[in-house]
Amino acid sequence: MDVGFPLMGHWIPRAFRVWLPIMGSSVWPRRSGDCARLIFPNGIALAIRKTGNLKSIFMNGIGIPSIDVCFLGSFSYARSLCELDLSNSFISDELLCLVAEANLPLNKLVLSRCFCFTFDGIYFLLSKYQSLAYLDLEGANFLNDESIIELAKFFGNLTFINLSLCSKLTNSTLFNLMGNCPLLTIINMERTNLGVEAFPAAIVVNPRVKSLHLGWNNNLNDECMKMASYVCPNLEVLDVTYCSGITEEGILEVLKSCVQIRCLEISRCQGVNNLELDFELPKLEVLQAEGLAINDEGLASIGKRCGRLSRLNLEGCLNVTARGVEGVIVNCKTLKEMNLRWCNNVSVDIVAWMVLSRPSLRKITLPCGSVPTANQRNFFLRHGCLVCQG
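Residue numbers for the sequence shown, in my numbering: 7 to 396.
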């Protein structure tokens, strides 16, 4: 039975998945037993030709800025290829055209932090694969709002898109994507230029969008948050970590409009001074609030209004004391994790009470400088809770 093929003196199994971590144009072994010699692009092309049942290819750091004759036609042999990941690679438009012309059943394409390709190459490729569900173009700095409008006509089946580190993209791209991609559920646009430029003239509500990851956008503001809450009424995950232009007004507007929110990440949002809730958040399970100026009153309101909270990160919240922590412990009956690192106004004397009062707790990170003794650690573990040094 034919179970493999020879490659540079080594026997390569006919696998359904190939993962090639490549530095420059060479593959390095990942564990003992892997190929010990370097594998060059012609070896990769041979692997593609010889494994017709390949479903996924992951090549990290590949260096093929130009196409050798060995690559010509190689992708046409991969008749079952559904996923192609070329992250951190030097690739050319010519390579993208070869993939496009191979007419593969591709539904996932990852070109995260790739170099040397242009808008023309990705346009041609996407025009051939309008059935793509997953697209990652992180770091494609040639993209701007106008080019995304051009590409969006091929996005009819997309459910996931990553445009993080595309620094020329503004509000226009975010809201055009939500308006023109009916199946889109997850949008990543971290470290872009959100908050700049006006909103599109036609704003379309998209109830399919569930997750927005918009962290590290310093120009992102409350107006954009309010518009996002209107466009995405069924939002479940919002990450605006390190967005200094957002205040509690924008966050509260999102929380009032998007009652399905399960995960809220607002760590290091310097404009959020406090977060006092006067309405219920029945589905919120995760709150990342690291480094905020939240106080005991705000924390107590979170405890009262977020009954399903399971993970709470308060690292660096200097205004929080034991009184605020007590409000959360008493009211959040499914709480599993609490991070109090750098909460130096919280006395460690409260920890034993926390563990005994809330049996659901599985992990507590103490304020800095607090180290549980071996006996204390074992006592807490017997009650199902790991208490970690801050």
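For every residue, glycine included, the Cβ atom is placed at its ideal position computed from N, Cα and C. The structure displayed is predicted, hence computed values, not measured ones.
Distance, residue j Cα to residue i Cα
i, j, result
"Ser137", "Ala158", "12 Å"
"Thr179", "Asn345", "36 Å"
"Ala108", "Ser82", "5 Å"
"Cys391", "Lys342", "9 Å"
"Glu332", "Glu89", "48 Å"
"Ala306", "Arg274", "20 Å"
"His389", "Gly313", "22 Å"
"Gly58", "Phe121", "28 Å"
"Cys249", "Gln276", "8 Å"
"Leu244", "Cys76", "45 Å"
"Met184", "Tyr236", "11 Å"
"Ile68", "Arg368", "42 Å"
"Val292", "Arg317", "5 Å"
"Gly304", "Arg329", "11 Å"
"Glu286", "Ile308", "9 Å"
"Val260", "Met233", "9 Å"
Local conformation of residue i per DSSP, three classes
i, result
"Lys159", "coil"
"Phe386", "helix"
"Arg329", "helix"
"Arg119", "coil"
"Asn381", "helix"
"Cys103", "helix"
"Phe205", "coil"
"Arg36", "Any reading at Arg36 is ruled out, since the residue's pLDDT is 38, under 50, leaving its predicted position unreliable."
"Asp245", "strand"
"Phe64", "strand"
"Cys394", "strand"
"Ser376", "coil"
"Tyr140", "strand"
"Ile308", "helix"
"Thr124", "coil"
"Phe166", "strand"
"Val211", "coil"
"Ile300", "coil"
"Thr57", "coil"
Reference residue i, options the options, closest by Cα
i, options, result
"Val334", "Arg364, Ser353, Ser263 and Leu143", "Arg364"
"Asn163", "Asp126, Leu143, Cys187 and Thr124", "Cys187"
"Ala299", "Arg311, Asn351, Lys262 and Asp284", "Asn351"
Burial state of residue i, where buried means 16 or more other Cβ atoms lie within 10 Å
i, result
"Gln395", "exposed"
"Asn384", "exposed"
"Val377", "exposed"
"Asp74", "exposed"
"Trp222", "buried"
"Val211", "exposed"
Near the ligand MG: residue i beta-carbon under 7 Å from a heavy atom
i, result
"Glu291", "No copy of the ligand MG occurs in the structure displayed, which carries no ligand at all."
Practice task
Write down every uninterrupted run of the beta strand (DSSP E) in the region 66-99 whose length is 3 residues or greater and which is fully enclosed by it, in chain order.
Solution key: 89-91
Practice task
Please specify which runs of the beta strand (DSSP E), each continuous and at least 3 residues long, are wholly inside the region 216-283, giving them in chain order.
Solution key: 217-219, 243-245 and 269-271
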